[in-house]
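A.B. asks: In the working numbering, the protein residues as written are 392 to 557.
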Amino acid sequence: MLSIIDIIEDTTVDGPGFRTAIYAAGCPNACPGCHNPESWDIKKGKQVPTEHILEKVLADDFANVTFSGGDPMFQPEGFTELARAIKEKSRKNIWCYTGYTFERLLNNPKQAELLNYIDVLVDGKFKQTLRDESLLFRGSSNQRLIDVKASLKAKKVVCVELNYGL
């Protein structure tokens, strides 16, 4: 069971290509200028069974998946269950947005477990003073696009380089 604000199908703003975005309720960061402050309170979400979310994700053969919020890392056990099932039943890639840094997530066993199923992590709090609208898939220049599998293997952050000819 996850506390969810919304599930948006066929979005193109939360990662490359068409994606099913799952917006988690609950975020401890309360970043000034956040584009989704209504998601901070976990009680404002609906309790949704993981199986129901999985059905929505798998129903679209073409869309990959994005966990956003709020902060999915605020509910790591439920999102780990969902991510594991997505990986077992499909070849979809999973992006995850979080206000935590990759390094901090590694120090929390429950959050670190979720990383094993994430392909790209967009990490770091949104900082209004570093806002940059020219960045792809993130709001401020301190946020990184991290290749999680390569980073876990290298034991250091390996960033994804996106080049869409923009």
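Each residue gets a CB set at the ideal place from its N, CA and C atoms; glycine is no exception.
Pick out the complete alpha helix (DSSP H) segments inside the segment 407–482, 4 residues or longer, and give them in chain order.
C.D. replies: Complete alpha helix (DSSP H) runs here, min 4: 441–450, 467–480.
A.B. asks: What residue from Val456, Asp397, Glu468, Thr492 has the CA that sits closest to Lys478's CA?
C.D. replies: As a first step, residue 478 must be located in the sequence shown, where it is residue number 87. When each option's Cα is compared against that of Lys478, the closest is Val456.
A.B. asks: Just to confirm the assignment, what range does the alpha helix (DSSP H) spanning Val539 have?
C.D. replies: The residue given as residue 539 occupies position 148 in the sequence shown. Counting along the chain, the alpha helix (DSSP H) containing Val539 begins and ends at 539–545.
A.B. asks: Is it buried or exposed for Ser459, if we count other Cβ within 10 angstroms and need 16 for buried?
C.D. replies: Translated into positions along the sequence shown, residue 459 becomes position 68. Buried: at least 16 other Cβ atoms inside 10 Å.
A.B. asks: Which same chain residues, not among the five before or five after Pro440, have their C-beta less than 7 Å away from its C-beta?
C.D. replies: Within the sequence shown, numbered from 1, the residue matching residue 440 stands at position 49. For Pro440, where only same-chain residues beyond five positions count, the Cβ hits under 7 Å are Met392.
A.B. asks: Assuming contact is defined by CB atoms lying nearer than 7 Å, are Ala503 and Leu512 in contact in what I supplied?
C.D. replies: Within the sequence shown, residue 503 is the residue found at index 112, counting from 1. Within the sequence shown, residue 512 is the residue found at index 121, counting from 1. For Ala503 and Leu512, no; Cβs fall outside 7 Å.
A.B. asks: What residue range does the beta strand (DSSP E) around Leu393 cover?
C.D. replies: Locating residue 393 in the sequence shown gives position 2, where the first residue counts as 1. 393–402 is the extent of the beta strand (DSSP E) around Leu393.
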